[in-house]
Amino acid sequence: MAVPLLDIRDATKIYGGGLFGGRRVVALQGFNLAIHEKPATITTIAGESGSGKTTLANLVLGFLHLTSGQILYKGVDIAAMDARQKFEYRREVQAVFQDPYEVYNPFYRVKHIFELAIQRFRLAQNKAEAREMIEDALRVVGMRGEEVLEKYPHQLSGGQRQRMMVARAYMLKPRIIVADEPVSMVDASLRAMILDIMLHLRDDYGISFLYITHDLSTAYQIGDDIYVLYQGLVAERGETSRVIENPRHPYVQLLVGSIPVPDPTVKWDTNLRLPTEEEMRSSATGGCRFYPRCPQRMDRCLQALPPLYSIEAEHDAACYLYEAQQQAMLTGRTNAS
Amino acid sequence: MATLTAEPVAARPAPQVRVNRWDSPWLNAKLIIGLIMVLSVALSGVVGGMFWDLRLARVGTSPQDLPPAFVPGGTWAHPLGTENSGRDMLAVLLTGAPRSFRIGLIAATIGLLIGVVLGCLAGFLGGWVDRLILIASDAWITIPSLVVLIVISAFVRQISAETMAVLIAMFAWPGPTRLIRAQVLTLRERGYIRMARLSGANTFDVIFREMMPNMLPYIAASFTGNVSGAILASAGLEALGLGPTRIPTLGMTIFYANQASAVIRGMWWWWGFPFLVLAIIFSGLFLIAIGLDEVANPRLRGLQVKQ
Amino acid sequence: MSGMTRGYVVRRFLMWVLTVWLGATLIFAIPRLAPGDPIAAMVLRMSAQGQIIENSAELIQAWRERFGLDGPWYVQYVNWLRNCMTLDFGYSLTQFPARVWEMIWRALPWTIALLTFAVIITFILGNLIGALLGWRKTPPLLRSLLPLTLTFSSIPPFIFGLLLLFIFAYTLDLFPNQGAYDSRNLQPGLTVEFLASALHHAILPAMAIVLTSMGGWALGMRGMMITTDGEDYMILAQAKGLRTPRLFLRYAVRNALLPQLTALALSLGLIVGGSVLIETYFVYPGVGYLLYYSITNGDYTLMQGIVFILILTTATAVLIIDLLYPLIDPRITFQKR
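These protein sequence lines map, in sequence, to chains A, B and C.
For the first sequence, this note's numbering begins at 23 and goes up steadily by one.
For the second sequence, this note's numbering begins at 1232 and goes up steadily by one.
For the third sequence, this note's numbering begins at 1186 and goes up steadily by one.
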């Protein structure tokens, strides 16, 4: 198989604990992920706050540096890129963030976000060409330049601002867009629209997404693969429909149970609660991080981190419950051969 | 105060905000009055030179000890009177005031430039660079600058206005440095800075295109404060007889007046007029600083924050 | 004392050492960096002032030896630092048998008393005015009168002092125009007459400082109060139905005062510098006036001693303010429990 577009290998990020001490926090541990050039996919990274999903986004975007592990883009480690490669990476890996207000510099008219990028990446020869690029990008998100470009960010609605961010990302013709909670701050009606645009960009323009969210229902709507993180570790991963329709890890089962179902006879049971301080600390002992909250915990869960066990094709869970199952699967396979 | 309307930040469906082009926070009454006061003094030398013979500021060009024209004994040949070595007070003020300004501007500009460089270094690099810069500025700001300047001026006789400005600038950097560092630290985490990075902006772009415009009111306020401080320092040095001696300055005039016991001799015009000009300069700068504060912090404009 | 507070004290103390060392180094460097030979310049000045000095070359040599100006610079530097530590600045050049330290020691109490007196009044008055200006429940009449107190803000204190002298000492003859007490009729001591006379002499110079620097504090405080007013804890305190005076003092002022205290520490250097001018113009027998004397008379040993003492005193005052800080900062008090 060809070299993956984005290849994250054993990525680990630890905050603090350096020369000046401070509390060591493992934000992301031993994370692996590959996104291939073709076909374009939407890969969901899901988790609650503190799960490490935003850390992952910042690592991919180059705002943070790995403590250990590698992130390869087209086979080149992003930490070892030369200036030209970095430049290309910058353009081809774009982002849409959660807060559609904060990303606009209040000093400039909104066209600044387009113009700065065109200027820095030398995308256009002249003003007319630049304007054409911007209009073209805005058309993809269903907007028109004359309506918005000359305004200041506070004069636009949240939905308009977020669509323009998507347009900006699209304009740069990226290979990957890191979408960090892109719809959590916009209205429900616009949410559907932005998700639609994402699908459109994937299918018609071959742009892959790293879709970071805490909301499993939107992931279910548009995601191809999903990685559910818990305290910096992958709890379960696989094809989105399999994981959400048939979650295996106790944490993911809890999460999926907390998605409201549009059925009045089903009681919405939110069993989720945030871990207490004490529970967080016990997670540093080396066992399964979910142990304190797990309804099916066993003694061995405290001894070592459970690795990812394969449950079926394209579906793994990091829980000892599936150890036997994987063994059976493997032996079954060897028997058959 | 001008017609300022409360405009909630992040107004949701914002239709036509800021319809009125005069509805800008920069059109602040205090800021404008302050600017007028300061500019009128700063430009007085240029304009005054067209109407008045500035050579009369030299020693012995006029009769001695004349009171102002509107006082019995005064003459319109010397509307503001003369002092005891035969200088015309009007000419002295017209030469002295712009000079004080120049020193203030030069010193404050140098101080600000150093502050921008050090503040950005501290804010962006962090770690030991940040600590070092912070400690140095904290220690430096504690040292009574005027005292050290007095000693330097005492050793460097025959000081020129430019040298004095540079010397004063040596003490004008910690304020801007701390301010810019703090601003860089706050702004660095803003979404638009990350967005600019994703748009291929380099550090220079980030500092000067993305951050600076948003720091502008703070920088302007700090700069104003520094101009004021530098003029105060230079006037203070002159008032101790440590300034440039050849050309008359406001501080030097007050020094001579004090030496000649002008207060006891009832020659109030000798120290009174320089006092008045200095008071206009400092009050003007003060008003500008308050105005800029209100530009930077809308709450200070008396807008009621909705709760 | 908790670890945090102890670390804070140690850091502040190191800061003090650093400041004093920096000051001592400056004083050492200035005459050596200045163009020309300071001793020769001094002799030249003395002869220019009409004193006939015989054998001036020998005299210069003798003085150079006394100052230790002949050794290599690092030996001079170490000697100087040692002298600073023992406060041994040798003899005054102009009042020979008098030692520099004795002369400073006689003048220092006046400066410290005047400045402490003036700064404390300024700080209290300024902050009170500012707090009332920024407090929403201040009676409208009072609020409209308060800005009048800011009229003289920003005018240099020493120049304002001239105006005060003209009005109150010469025209109205209410206050003496120079000195620190009636030295013709009174002996310093703890008598009512002496204290009354000292107070009488201190009022004008103190007023010059208070009236001109009050405004700065008032504005800063007003800004802090307005900022504090919007904070959640203020709204909660109001909701709890706390009475207005308590709300004003315990909640608003206390929280707004902390940054003001930092500002006081930072501006102390400026205040001390300004006092040199005040003392000179009021012929007040403090260290500032002594400094002026040393400069006009070319007494370089006295000058060095005074500058070092002024830096030392300022740094010490800043240290004291910094050490008072944890006492009123609720966060640090909280840590102690």
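Ideal Cβ positions, reconstructed from N, Cα and C, are used throughout, including at glycine.
- The contact set of W1502(B) on chain C, defined by CB atoms closer than 7 Å, consists of L1347 in chain order.
- Taking C-alpha positions only, T1210(C) is separated from G309(A) by approximately 58 Å.
- Among the bridge pairs identified by DSSP, V200(A) is matched with A117(A), L232(A).
- Closest option to F1517(B), judged by alpha-carbon separation, among G1400(C), P1511(C), G1473(C), L1326(C): G1400(C).
- When Cβ-Cβ separations below 8 Å define contact, Q184(A) makes no contact with chain B.
- In this chain, the alpha helix (DSSP H) harbouring V1360(B) covers 1358 to 1373.
- With respect to W1402(C), G1311(C) sits close: the two C-beta atoms are nearer than 8 Å.
- By the neighbour-count criterion, in which a residue is buried when 16 or more other Cβ atoms sit within 10 angstroms of its Cβ, R142(A) is buried.
- Residue contact check for Q116(A) against chain B: a CB pair falls below 8 Å.
- Among the bridge pairs identified by DSSP, H1309(B) is matched with none.
- Shortest Cα-Cα distance from L55(A) to any of A241(A), Q120(A), A105(A), L255(A) involves L255(A).
- One alpha carbon belongs to A1328(B), the other to V1461(C), and they sit about 23 Å apart.
- Secondary structure at K1425(C): coil, using DSSP grouped into helix, strand and coil.
- Within the region 1419 to 1437 of chain B, the residues whose Cβ lies closer than 9 Å to some Cβ of chain A are R1421, G1422, Y1423, I1424, R1425, M1426, A1427, R1428, L1429, S1430, G1431, A1432, N1433, D1436, listed in chain order.
- Cβ atoms of A189(A) and V208(A) stay farther apart than 8 Å, at about 15 Å.
- Taking a 10 Å sphere around the C-beta of A1451(B), we find 16 or more other C-beta atoms and assign the residue as buried.
- With respect to the 8 Å criterion, V1508(B) and A1339(B) are not classified as neighbours on the basis of their beta carbons.
- Within the region 1468 to 1496 of chain C, the residues whose Cβ lies closer than 9 Å to any Cβ of chain B are, in chain order, G1473, L1476, Y1477, S1479, I1480, T1481, G1483, Y1485, M1488, Q1489, I1491, V1492, L1495, I1496.
- Residues of chain B with a Cβ closer than 7 Å to the Cβ of G1208(C) are, in chain order, I1374.
- Here the alpha carbon of T1306(B) sits roughly 15 Å from the alpha carbon of T1292(B).
- Counted as a single uninterrupted DSSP element, the alpha helix (DSSP H) harbouring K1261(B) occupies residues 1260 to 1282.
- Comparing alpha carbon positions, the residue from R311(A), S263(A), I57(A), S332(A) closest to A326(A) is R311(A).
- The alpha-carbon separation between V1437(B) and I93(A) amounts to approximately 25 Å.
- Residue state for K108(A) is assigned as helix, using DSSP reduced to three classes.
- Contact of D1361(B) with chain C is not assigned, every C-beta pair being separated by 8 Å or more.
- Within chain B, the C-beta atoms nearer than 8 Å to that of D121(A) come from G1422, in chain order.
- Not a single C-beta of chain B is nearer than 8 Å to the C-beta of L1326(C).
- V132(A) sits in coil when the DSSP states are folded into three classes, being neither helix nor strand.
- Taking all protein chains shown into account, N148(A) has fewer than 16 neighbouring C-beta atoms within 10 Å of its C-beta and is therefore exposed.
- With contacts defined as CB atoms closer than 8 Å, P128(A) and N1315(B) fail to qualify as a contacting pair.
- One thing to note: I1314(C) has its Cβ within 8 Å of the Cβ of L1331(C).
- Residue contact check for P1448(B) against chain A: no CB pair falls below 8 Å.
- Q184(A) and V132(A) have their C-alpha atoms some 12 Å from each other.
- L1300(C) and L1512(C) have their C-alpha atoms roughly 23 Å apart.
- When DSSP reads this structure, S1514(B) sits in no beta bridge, so it has no partner.
- Assigned with DSSP and collapsed to three states, I1390(B) falls in coil, not helix or strand.
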